[in-house]
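**Q** In our numbering, the protein residues as written are 364 to 568.
Beta carbons: idealized from backbone N, C-alpha and C, even for Gly.
Here the structure is a predicted model, which means the values were calculated and not measured.
Starting off with a structure, shown below.
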């Protein structure tokens, strides 16, 4: 063993013998230890895709914090406005019929060009109707008088007739849309429509 270059023999205090044989290729010089360290050749460190995206997003959020915050606030305000509109529409729809539901029917009387529109309003609740109801007429090729009129107090279960006069403007048919509205509501309580047939020409005999 004394012939080996990488052999070390040790005698312990207790009288034991310890022999260490190292690798033939082992080199313990300082120069070789430094040269064996990996050198920085300028290559980029491989970063996972998700980590890279997270880092880029974090940098962008830091650089554009005010813009991102203002965009978030605008989106939040739009969401609140949309919710408020939906709530108002829902309330109007639920209150459209009101506590006193009404029915409305309309028929056309006459041969033309002068017609009468007979509207029949019925309060199907157990109480009196509201006092702020009125009728509005939207016309096509037709003159209606009156176009707007107040509705009288409607007792429970008794049909109340209302008559309107309508005149065609030409020789083609007309249309009248009748809206029963309430002054405190944006949507009509009830809607119906009638068609006025075109007047027949006089037949000479």
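#1: With distance defined between alpha-carbon atoms, name the residue in 375, 562, 372 nearest to residue 473.
#2: Closest to residue 500 by C-alpha separation, out of 442, 483, 535, 542, would be which residue?
#3: In or out: residue 492 buried (at least 16 other Cβ within 10 Å) or exposed?
#4: State the DSSP-derived secondary structure class of residue 535, mapped to helix, strand or coil.
#5: Is it true that the region 517-524 meets the region 422-434, where meeting means three or more beta-carbon pairs spaced less than 8 Å apart?
#6: In the structure shown, what three-state DSSP assignment does residue 494 receive?
#7: Please list the terminal residues of the continuous alpha helix (DSSP H) segment that includes residue 558.
#8: Can you look up residue 460 in the DSSP assignment and give me helix, strand or coil?
#9: What are the boundary residues of the alpha helix (DSSP H) that residue 472 is part of?
#10: DSSP three-state label for residue 423, please.
#11: Which residue from 471, 477, 420, 535 puts its Cα closest to that of residue 525?
#12: Please state if the CB of residue 464 and the CB of residue 487 are separated by a distance shorter than 7 Å.
#13: Return the residue from the list 381, 527, 516, 496 that minimises the CA-CA distance to residue 510.
#14: Leaving out the 5 sequence neighbours to the left and right, which residues in its chain are closer than 6 Å to residue 482 when beta-carbon positions are compared?
#15: Whose CA, out of 516, 513, 533, 507, lies closest to the CA of residue 540?
#16: Are the CB atoms of residue 383 and residue 371 nearer to each other than 7 Å?
#17: Would you mind reading off the limits of the beta strand (DSSP E) that contains residue 484?
#18: Under the DSSP definition of a beta bridge, which residues are partnered with residue 443?
**A** Reading from the atomic positions:
#1: Working through the chain shown from its first residue, we reach residue 473 at position 110. Of the listed residues, the one whose Cα sits closest to residue 473 is 562.
#2: Indexing the chain shown from 1 puts residue 500 at position 137. Checked all of 442, 483, 535, 542; the closest Cα to residue 500 is 542.
#3: Taking the chain shown and counting its residues from 1, the one referred to as residue 492 is at position 129. Flag for residue 492 reads buried.
#4: Along the chain shown, one-based indexing puts residue 535 at 172. Residue state, collapsed to three classes: coil.
#5: no
#6: In the chain shown, the residue the question calls residue 494 occupies position 131. Looking at residue 494 - three-state DSSP - the assignment turns out to be coil, as it is neither helix nor strand.
#7: Position 195 of the chain shown, counted from the first residue, corresponds to residue 558. Note, residue 558: premise wrong, no alpha helix (DSSP H); beta strand (DSSP E) at 553-559.
#8: Along the chain shown, read from residue 1 onward, the residue named residue 460 stands at position 97. Because residue 460 carries a pLDDT of 48, less than 50, the predicted location of this residue cannot be relied on, and the following value inherits that uncertainty. In this structure, residue 460 counts as coil in the three-state DSSP scheme.
#9: As a working note, residue 472 is residue 109 in the chain shown. Here residue 472 belongs to no alpha helix (DSSP H); instead the beta strand (DSSP E) covers 465-472.
#10: For the purposes of this step, residue 423 is identified with residue 60 of the chain shown, where counting begins at 1. Helix at residue 423.
#11: Position 162 of the chain shown, counted from the first residue, corresponds to residue 525. Checked all of 471, 477, 420, 535; the closest Cα to residue 525 is 471.
#12: The sequence position of residue 487 within the chain shown is 124, counting from 1. The sequence position of residue 464 within the chain shown is 101, counting from 1. In this structure, residue 464 lies closer than 7 Å to residue 487 by Cβ.
#13: Within the chain shown, residue 510 is the residue found at index 147, counting from 1. Answer by Cα proximity: 527.
#14: Position 119 of the chain shown, counting from 1, holds the residue named residue 482. 469, 525, listed in sequence order.
#15: Taking the first residue of the chain shown as position 1, residue 540 is located at position 177. Residue 540 has its Cα closest to that of 507, out of 516, 513, 533, 507.
#16: To locate residue 383, count along the chain shown from 1; it is residue 20. To locate residue 371, count along the chain shown from 1; it is residue 8. Yes; because the gap between Cβ atoms is below 7 Å, this pair is in contact.
#17: On the chain shown, position 121 is the one that residue 484 refers to. It spans 477-486 - the beta strand (DSSP E) in which residue 484 sits, taken as one unbroken run.
#18: Taking the first residue of the chain shown as 1, we reach residue 443 at position 80. In the DSSP output, where bridge partners are listed per residue, residue 443 has none listed.
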